[in-house]
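J.: Pasting a structure below so you can have a look.
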Amino acid sequence: MQKSITISKVEGRPGQVYYPLSLNDVPKPTPSANELLIKITAAALNHRDLFTRQALYPAISFEVPLLADGTGVVVSCGSSADKSWEGKRVVINPGTGWKDNVEGPEDKGGYKILGGTRLYPNGTLQEYMCVPETEVEEAPRHLSDVEAAAIPLTGLTAWRAVMVKCGANNLQPGKNILITGIGGGVALMTLTFATATGANVWVTSGNEEKIQRAKELGAKGGVIYKEEGWEKKLQGMLPAENRQIDAIVDGAGGDIVEKGVKLLKVSLSTE
Amino acid sequence: MGGIIAVYGMTVGPKMPFLMQAVLKNIEVRGSTMGSRKEFKDMVDFIKEKKATPIVSRTVQGIENLDGINSLFDDMKRGTQFGKLVVEIAREGSESKL
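In order, the protein sequences belong to chains A and B.
The first sequence runs 1223 to 1493 under our numbering.
The second sequence runs 228 to 325 under our numbering.
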């Protein structure tokens, strides 16, 4: 047997209800032919997990373990799985239905994420988990288990938003990338990736403390979005060599196009 | 190509305006959600190559620690976290860290 955590059903309307956590004793899973049995060492939360507990997420299950992000050690392999996985520390791809098409998921049913739903009925908040061998990557050796578990879903979302959607020409030394709402998981992963490309990263936040922390992590500067005219203040911070923002990564919507019109580059210069 | 706005969520509300001024500046708004299996590998490889480290806000220990796990959800509800909220379930994997 093993422990797993699901939500348990209580009455209440979506947005008002808050499903309690339930610690369950369930059979330890057995890997099928192409699967790996992973002893989970760490699992991480995403916003979708809070929405699940608030009944604001589709296809909620009271039987499927919560959470999409996890890392662990392969303890055994299914009959046809590559035995060299055994003993390796892995991170788990948080979803399925999307192989490599840059336009979007190949699966007609769309992308399905691990954790607490009937659509991809498995999750990382349990002691052992079976995952197809094609759905793991070896965990980065410089990271602890806790850090490795922090990567998958926000890392993937940030990767596509900044590295794929913002364009390689905008991710170079001298380019200016703006990340709004720093503090959230995706925004911080975006900061990590964008600074690693050598681009100048600028941030917005609701409070000064988060801006300071972002600067410690490599951001060049930031402004408080609650202040009127923050875009002018930001423009004043941009270096003389490039006084325009090349790309914005945003998770808020609202008036970002209106702000973007003032901040973003006017036309192509050298690229 | 003009400037790009990559939008991965809309916490303010499910709609936002597009402006004629944005048309005149060749601005592109690009929706983005999750990513493919290939992008997952590309992302993990990049983290390995750059030795990048994700930001962890707070960790609790133990799968039986429901109070601790609930407190991580509370951080998220209040929006007080700065980085990821992680449950450490076992220590087994720690030896494989260099």
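Even glycine gets a Cβ: it sits at the ideal position worked out from N, Cα and C.
Note that the coordinates shown come from a computational prediction; the quantities given were computed from them, not determined experimentally.
#1: What's the gap between the Cα of A1421/A and the Cα of G1332/A?
#2: Need the endpoints of the beta strand (DSSP E) that R1311/A sits in, please.
#3: Can you give me the Cβ contacts of K324/B inside the same chain, cut-off strictly under 6 Å, excluding the 5 residues immediately before and after it?
#4: Please classify L1278/A: is it buried, with 16 or more other beta-carbons within 10 angstroms of its beta-carbon, or exposed?
#5: Give the single residue among T1339/A, Y1350/A, A1264/A, Q1434/A whose Cα lies nearest to the Cα of E1257/A.
#6: Give the straight-line distance between the Cα atoms of E1431/A and A1255/A, rounded to the nearest whole angstrom.
#7: Which residues in chain B sit within 8 Å of V1384/A, going by Cβ to Cβ distance?
#8: Put S1491/A into one of helix, strand or coil per three-state DSSP.
#9: Measuring only between beta-carbons, confirm whether S298/B sits less than 9 Å from chain A.
#10: Determine the direct distance from the alpha carbon of T1318/A to that of G289/B, and round the result to whole angstroms.
#11: Between the segment 300-314 of chain B and chain A, which residues of the former have CB atoms less than 8 Å from a CB of the latter, in chain order?
#12: Would T1412/A and I1401/A be called neighbours here (beta carbons separated by less than 9 Å)?
#13: Excluding the 5 residues preceding and the 5 following T1379/A in the sequence, name in chain order all residues of the same chain whose CB lies nearer than 7 Å to its CB.
#14: Go to I1399/A, then tell me how far its beta strand (DSSP E) extends in each direction, as first and last residue.
#15: Counting contacts by CB-CB distance shorter than 9 Å, is S1491/A in contact with chain B?
#16: Quick check: what's the CA-CA separation for V1483/A versus E1453/A?
#17: What span of residues does the alpha helix (DSSP H) with G1292/A cover, start to end?
#18: Which of the three DSSP states, helix, strand or coil, is assigned to T307/B?
#19: For K311/B, count neighbouring Cβ atoms within 10 angstroms of its own Cβ and tell me buried if that reaches 16, exposed if not.
#20: Expressed to the nearest angstrom, what Euclidean distance is found between the alpha-carbon atoms of V1368/A and T286/B?
#21: Check the C-beta distance from P281/B over to A1372/A and give it rounded, since I have them as a contact under 8 Å.
#22: Would you mind working out which of E1360/A, E1233/A, N1323/A sits nearest K265/B, comparing C-alpha positions?
#23: Start and end of the beta strand (DSSP E) containing E1308/A?
#24: Could you check whether the segment 1470-1477 of chain A touches the segment 239-252 of chain B, counting it as contact only if at least three pairs of C-beta atoms, one from each stretch, sit closer than 8 Å?
#25: Report back the beta-carbon spacing between P1316/A and I1335/A to the nearest angstrom; my notes put them in contact at under 8 Å.
#26: Straight-line CA distance for K1250/A to M1223/A?
#27: Are any of the Cβ atoms in chain B nearer than 9 Å to that of D1367/A?
#28: With contact counted as at least three CB pairs below 8 Å, one residue from each stretch, are the segment 1236-1251 of chain A and the segment 1268-1283 of chain A in contact?
#29: Tell me the start and end of each unbroken beta strand (DSSP E) in the segment 1233-1265 of chain A that is at least 3 residues and wholly inside, in chain order.
#30: Quick one: what does DSSP say W1320/A is sitting in, helix, strand or coil?
#31: So is N1256/A in contact with chain B if we call contact Cβ pairs under 9 Å?
#32: When you compare each of E1355/A, G1337/A, W1307/A, K1442/A to A1281/A by their alpha carbons, which one comes out closest?
#33: With 16 other CB atoms within 10 Å as the buried threshold, where does T1414/A fall?
#34: Find out if the Cβ-Cβ distance for the pair V1445/A, K1437/A is shorter than 9 Å.
#35: How would you write the range of the beta strand (DSSP E) that G240/B sits in, first residue to last?
#36: Among K1481/A, L1486/A, D1472/A, whose alpha-carbon lies nearest the alpha-carbon of M237/B?
T.: Quick answer:
#1: Cα to Cα, A1421/A sits roughly 33 Å from G1332/A.
#2: 1311-1314
#3: Summary for K324/B: the model assigns pLDDT 42, below 50, so the residue's position carries little reliability, and this model does not support an answer.
#4: It is exposed - the Cβ of L1278/A has fewer than 16 other Cβ atoms within 10 Å.
#5: Y1350/A
#6: 50 Å
#7: A233
#8: No answer about S1491/A holds up, because its pLDDT of 49 lies below 50 and its placement is not dependable.
#9: no
#10: 28 Å
#11: Within the segment 300-314 of chain B, the qualifying residues are F300, M303, K304, G306, Q308, F309, G310, K311, L312, V313, V314.
#12: Yes. Within cutoff.
#13: The answer, listed in chain order, is V1408.
#14: 1398-1401
#15: Residue confidence for S1491/A is low, a pLDDT of 49 falling below 50, so the modelled location carries little weight and cannot support an answer.
#16: Near 10 Å, if we compare the C-alpha coordinates of E1453/A and V1483/A.
#17: Unbroken run through G1292/A is the beta strand (DSSP E), 1291-1299; no alpha helix (DSSP H).
#18: coil
#19: buried
#20: Distance between V1368/A and T286/B, taken at the CA atoms: about 8 Å.
#21: The pair is a contact, with the Cβ atoms about 4 Å apart (cut-off 8 Å).
#22: N1323/A
#23: That residue, E1308/A, is in no beta strand (DSSP E); it is neither H nor E in DSSP.
#24: At 8 Å Cβ cutoff, the stretches touch.
#25: 6 Å
#26: 5 Å
#27: yes
#28: yes
#29: Whole beta strand (DSSP E) segments, 3+ residues: 1243-1248.
#30: When secondary structure is reduced to three states using DSSP, W1320/A falls in the coil class, being assigned neither helix nor strand.
#31: no
#32: When C-alpha distances from A1281/A are compared across E1355/A, G1337/A, W1307/A, K1442/A, the shortest belongs to G1337/A.
#33: buried
#34: no
#35: Run containing G240/B: none; DSSP gives neither H nor E here.
#36: D1472/A
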